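**Student:**
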Amino acid sequence: MALKFEVLKKSGKSRLGKLHTKHGTIDTPAFMPVGTCATVKAMMPESVAATGAQILLGNTYHLMLRPGADLVEKMGGLHKFMNWPKPILTDSGGFQVMSLSGLRKLSEEGVAFSSHVDGKKYFLSPEESIKIQHKLDSNITMCMDECVKLPAPHDKVKKSVEMSMRWAERSKKAFIDRDGYGIFGIQQGGDYQDLRAYSAECLKKIGFDGYAIGGLAVGEGQETMFQVLDYAPGMLPEDKPRYLMGVGRPDDIVGAVLRGVDMFDCVMPTRSGRTSQAFTRYGTINIRNARHREDPRPLEEGCDCPLCSHYTRAYIHHLQKCNEVLAVMLLTWHNIRYYQRLMQGLRNALASDTLDEFVKQFYADQAQGDIPAL
Numbered sequence: 166m167a168l169k170f171e172v173l174k175k176s177g178k179s180r181l182g183k184l185h186t187k188h189g190t191i192d193t194p195a196f197m198p199v200g201t202c203a204t205v206k207a208m209m210p211e212s213v214a215a216t217g218a219q220i221l222l223g224n225t226y227h228l229m230l231r232p233g234a235d236l237v238e239k240m241g242g243l244h245k246f247m248n249w250p251k252p253i254l255t256d257s258g259g260f261q262v263m264s265l266s267g268l269r270k271l272s273e274e275g276v277a278f279s280s281h282v283d284g285k286k287y288f289l290s291p292e293e294s295i296k297i298q299h300k301l302d303s304n305i306t307m308c309m310d311e312c313v314k315l316p317a318p319h320d321k322v323k324k325s326v327e328m329s330m331r332w333a334e335r336s337k338k339a340f341i342d343r344d345g346y347g348i349f350g351i352q353q354g355g356d357y358q359d360l361r362a363y364s365a366e367c368l369k370k371i372g373f374d375g376y377a378i379g380g381l382a383v384g385e386g387q388e389t390m391f392q393v394l395d396y397a398p399g400m401l402p403e404d405k406p407r408y409l410m411g412v413g414r415p416d417d418i419v420g421a422v423l424r425g426v427d428m429f430d431c432v433m434p435t436r437s438g439r440t441s442q443a444f445t446r447y448g449t450i451n452i453r454n455a456r457h458r459e460d461p462r463p464l465e466e467g468c469d470c471p472l473c474s475h476y477t478r479a480y481i482h483h484l485q486k487c488n489e490v491l492a493v494m495l496l497t498w499h500n501i502r503y504y505q506r507l508m509q510g511l512r513n514a515l516a517s518d519t520l521d522e523f524v525k526q527f528y529a530d531q532a533q534g535d536i537p538a539l
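All residue numbers for the sequence shown refer to the working numbering, where the first residue is 166 and numbers rise by one.
Take a look at the structure:
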C-alpha cells in the first residue's frame, strides 16, 4: 500500500492509530494546522513543529496562483520550499474555487474561474488538481469534489454528489501511486443519510488510501453535524484513516473523535490568534478584555507554550492593545499548542482506557469557564 494505517486500539467508535508516510508517521487522532500559502500564519515551521504538530495542510488553489506549482516543484517540492520535512496534506482547491461564486463557472469537466489575485483565467479539472498536488509533492492528495453549502434540497445535493463521485474516479485515475504517498476520497451527501451511503459505496468501489468526510462545517450547526457523524464514519472502511475536513472547535473535535474520526484541520487556532482569542482548558478567552489588564497570571496554568511559560496576561493584553505583531505570534503558538495538547490527551486516554473520564473532565472544565484573577 502507498500509505500504511494501523488501528492500534479502540474505545467505542474512537480509534488510536498511526498513519505512515514517506516524510514521517502521524499519530491519530491528529490535528493539522493550516498552512494555506506554504506557511502557517505568524509561525515559523520550526515553531509549528515545536507545538507537536506532525502534519500540515497546504492549499492547492492558493499555491497554483502564487507562486505556482511549477516553481514549487523546481524548488524541490513543498517540504523543501517551506522547510517542513514532515508530512503534508493538500486539499484539491475545489472548495476555494466553489466559494468564488460569481468568478467561476462549473461544468462536468471542471471549474473555470478568475483568480481573485489578478483576474487571470484558470481551469481546474480533477486531473489538473491531481497534477498540481503531485508537483507540490503532497504526501496526501485529496480528490476533487464539489461542496454544497447547507442547508440544501435533496435533489441539489444528489446531483452534486453524483458529479463528485465521477470526479473522484477521474482523480484516482490521474494519481501516480508511489511509496509513502496516497490519495483520499471525499464522502459527500450533506445531511442526507441515503446520499452519504451512496457516496461511501462509490468511493469504496474506486478504492482510496483514506477517506474524508466533506460537506460539513458549511453552515449547519453542531447538532446537525453530530447527527451526520453518528452514521457517516461507519460507512467508510474500518482499516483506513477518516478525515473530517475543516473542523473545528475543540468540542467539535472531541465529539467527532467519539464518533470515529481520526484526522482534522481548521483555520480556527490561527485565525483566533489574529483576533485576540485564546483557547484554554477553561474555554475561550478574549485577551483584549479589560479584566486582563492587570492580571499577572499566565494565559493558562500548566501550558508549556512560550506565551504561558514566559509572559503574563497583562503583557499580552498590552501587546494586543498596541496592535503589536508579537501578540499574534504568541497567541497563535499557544492556540496551536492547545490543539496539539488536546489531541495528545485524547490519544493518551485511548491508550490507557480512560477516554470516558477524559471526555467528562474536558466538558466539565469547559463549562466552568475562565476564572478571573483575585
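Heads up, the beta-carbon is just placed ideally off N, CA and C, and yes, glycines get one too.
Being a predicted model, the structure only gives us computed values, none of them experimental.
1. How far does the beta strand (DSSP E) with Q442 in it extend, from its first residue to its last?
2. In angstroms, rounded to a whole number, what distance separates the CA positions of L423 and T190?
3. Can the beta-carbon of C431 be found closer than 8 Å to that of V199?
4. Which whole-angstrom value is the C-beta distance of K174 and L168, which I expect to be below 8 Å?
5. If we require 3 or more residues per run, which beta strand (DSSP E) segments fall completely within the region 385-455?
6. So Q352 and S336 are in contact, right, with Cβ under 8 Å, and what is the actual spacing, rounded?
7. Could you tell me which of M428, E522, G258 sits nearest to P310, measuring between CA atoms?
8. Just to confirm my understanding: we take A541, look at its own chain, exclude 5 residues before and 5 after, and list those with CB closer than 7 Å. What are they?
9. In three-state DSSP terms, what is T477?
10. Compute the distance between the beta-carbons of L401 and Y376, then report whether it is under 8 Å.
11. Can you tell me whether H499 is buried or exposed, with buried defined as 16 or more other CB within 10 angstroms of its CB?
12. Excluding the 5 residues flanking H185 on each side, which residues of the same chain have their C-beta closer than 7 Å to its C-beta?
13. Taking E293 as the reference, give the member of H281, S279, G275 with the closest Cα.
14. G549 and A207: beta carbons closer than 8 Å?
15. Applying the criterion that 16 or more other CB atoms from any shown protein chain within 10 Å of the CB defines a buried residue, is C473 buried or exposed?
16. Could you give the first and the last residue of the continuous beta strand (DSSP E) run that contains S517?
17. What residue from K300, D342, L271 has the CA that sits closest to K324's CA?
18. Under the DSSP definition of a beta bridge, which residues are partnered with G224?
19. Skipping 5 residues on each side, what residues in its chain have a beta carbon closer than 6 Å to that of L222?
20. Give the DSSP-derived three-state secondary structure of A377 in the structure shown.
21. Could you give the distance in angstroms between the alpha-carbon of A218 and the alpha-carbon of N248?
22. Could you tell me if L464 is buried or exposed, where buried requires 16 or more neighbouring beta carbons within 10 angstroms of its beta carbon?
23. What is the residue span of the beta strand (DSSP E) that S212 lies within?
24. Would P537 be called buried (16 or more neighbouring beta carbons within 10 Å of its own) or exposed?
25. I need the straight-line Cα distance from E385 to F391, nearest angstrom please.
26. Using CA atoms only, rank isn't needed, just tell me which of R436, D416, T440, Y476 is closest to Y447.
27. Quick test of your reading: L381 and L409, contact by CB under 8 Å. State the CB separation rounded to the nearest angstrom.
**Tutor:** Taking the coordinates as given:
1. Note, Q442: beta strand (DSSP E), 442-445.
2. Taking the CA atoms as reference points, L423 sits about 22 Å from T190.
3. Going by beta carbons, C431 and V199 fall inside the 8 Å limit.
4. 20 Å between Cβ atoms; not a contact.
5. If we require 3 residues or more, the beta strand (DSSP E) runs fully inside the region 385-455 come out as 407-409, 428-430, 442-445, 448-451.
6. The beta-carbon distance between Q352 and S336, rounded to whole angstroms, is 14 Å. This is too long to meet the 8 Å contact definition.
7. Rather than Pro, the amino acid found at residue 310 in this sequence is Asp. Looking at the Cα atoms, G258 is the closest of the given residues.
8. A query on residue 541 cannot be resolved here, the shown segment of the chain reaching from 166 to 539 and no further.
9. Looking at T477 - three-state DSSP - the assignment turns out to be coil, as it is neither helix nor strand.
10. Contact check for L401 against Y376 passes: the beta carbons are separated by less than 8 Å.
11. Classification of H499: buried, given that the 10 Å Cβ count is 16 or more.
12. Cβ neighbours of H185 beyond the five flanking positions: L168, K169.
13. Closest by alpha carbon: G275.
14. Not covered by the structure: residue 549. The range shown for the chain is 166 to 539.
15. Buried: at least 16 other Cβ atoms inside 10 Å.
16. Per DSSP, S517 lies in no beta strand (DSSP E) segment and is marked neither H nor E.
17. Nearest option by C-alpha distance: L271.
18. Note on residue identity: the sequence assigns Asn, not Gly, to residue 224. Its beta-bridge partners are D256.
19. These residues qualify, in order along the chain: M197, V199, L254, D430.
20. Three-state DSSP puts A377 in a strand.
21. The alpha-carbon of A218 is positioned some 14 Å away from that of N248.
22. Of the other Cβ atoms in all chains shown, 16 or more fall within 10 Å of the Cβ of L464; this residue is therefore buried.
23. In this chain, S212 is not harboured by any beta strand (DSSP E); it is covered by the alpha helix (DSSP H) spanning 210-215.
24. Within a 10 Å sphere around the beta-carbon of P537 sit fewer than 16 other beta-carbons, which makes this residue exposed.
25. Rounded to whole angstroms, E385 to F391 spans 10 Å at the Cα level.
26. That would be D416, whose Cα lies nearest to the Cα of Y447.
27. The pair is a contact, with the Cβ atoms about 7 Å apart (cut-off 8 Å).
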